[in-house]
Amino acid sequence: MKAIQVHDVAKRFKIYYDRNRTLKERLLFRKRNRYDERWVLKDVSFDIEQGEAVGLVGENGCGKSTTLKLLSRILFPDRGAISVNGRVSCLIELGAGFHPDMNGIENIYLNAAMFGVGRKETGKRLDRIIAFSELEPFIENPIRTYSSGMYMRLAFSVAINVDADVLLIDEILAVGDMNFQEKCLARLREIKECGATIVIVSHSLGQIEAF
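In our numbering, the protein residues as written are 90 to 300.
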């Protein structure tokens, strides 16, 4: 069974030249900003089977993160079609899906709800999520006090506990200490063995090969 199908997908962005103009200038002159179009992806097609793990590796700007955002429906293609089957859990931008003034526990409920998990079900998994994150001493603090590594720990711990059929992970695993990264990769292997589909973006070919 195909978990992900991408057919002839293309995505472009507008690169503006006069972004430094003030709002007042734009209103007074009613002049559109000049821009170029940059095609990040063109005519991309691939299928990923259920239970398969795929790594996207490449230089900055080659479209890895854009591809992940298209799969997660954060962005939409300008051409082509994308089909993703099942519940999707994604770790794409550090801090996305969290409220800085809420504490760790409140953000667990908030983030899980974004993945379609109800409050009652999240409550059953709360201890497991906190334990994996290793953030017990800080879990009642507002997450604006968290470091980037702590953000990553909490986000990853939620994402792996929502029973996702498809897990999309950008390079946020590069944040944090090596021991926790290894712990995350080991957990991803377990999730894959249980039949989930995983797409992971990384600059590190070694990390992908280890996974």
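The C-beta atom is built at its ideal place from N, Cα and C for all residues, glycine as well. Please read all numbers here as calculations on a predicted model, not as lab measurements.
Residue i and residue j closer than 9 Å at C-beta
{"i": "G140", "j": "G284", "result": "yes"}
{"i": "F221", "j": "R276", "result": "yes"}
{"i": "I194", "j": "I171", "result": "no"}
{"i": "G184", "j": "A244", "result": "yes"}
{"i": "N196", "j": "V255", "result": "no"}
{"i": "R123", "j": "Y105", "result": "yes"}
Residue(s) in a DSSP beta bridge with residue i
{"i": "C179", "result": "L257"}
{"i": "I171", "result": "V95"}
{"i": "E282", "result": "Paired residue(s): none; E282 is not in a bridge."}
{"i": "N192", "result": "P231"}
{"i": "A142", "result": "I287"}
{"i": "D125", "result": "I104"}
{"i": "V133", "result": "V98"}
Of the listed residues the options, nearest to residue i (C-alpha basis)
{"i": "D180", "options": "I289, L294 and E210", "result": "Checking the sequence shown, residue 180 turns out to be Leu, not Asp. Closest by alpha carbon: I289."}
{"i": "G152", "options": "E271, D259 and G184", "result": "D259"}
{"i": "E279", "options": "V129, I104, A142 and F135", "result": "A142"}
{"i": "M267", "options": "R242, V255, A253 and E126", "result": "R242"}
{"i": "D132", "options": "F165, V95, I104 and E126", "result": "V95"}
{"i": "I137", "options": "K213, N149, T211 and L257", "result": "L257"}
{"i": "G292", "options": "E271, L130, S154 and S237", "result": "Contrary to the premise, residue 292 reads as His rather than Gly in this sequence. The candidate whose alpha carbon is nearest that of H292 is S154."}
{"i": "I297", "options": "E282, T286 and L274", "result": "L274"}
{"i": "D216", "options": "S237, S246 and S236", "result": "S246"}
{"i": "L164", "options": "F135, L130 and E148", "result": "L130"}
Same chain only: Cβ atoms within 7 Å of residue i, ignoring 5 sequence neighbours per side
{"i": "M239", "result": "L224 and F227"}
{"i": "Y198", "result": "R208 and T211"}
Cutoff 6 Å; reference residue i; Cβ partners in own chain excluding five residues on either side
{"i": "L294", "result": "V146"}
{"i": "M203", "result": "G186"}
{"i": "K46", "result": "In the structure as shown, the chain starts at 90 and stops at 300, and residue 46 therefore has no counterpart that could be examined."}
Same chain only: Cβ atoms within 8 Å of residue i, ignoring 5 sequence neighbours per side
{"i": "P189", "result": "P231, I232 and R233"}
{"i": "E229", "result": "N192, G193 and I194"}
{"i": "G205", "result": "R176 and V251"}
Does the pairing of the segment 149 to 167 with the segment 92 to 100 give three or more beta-carbon distances under 8 Å?
Two segments are said to touch when three or more pairs of C-beta atoms, one from each, lie closer than 8 Å; by this definition the segment 149 to 167 touches the segment 92 to 100.
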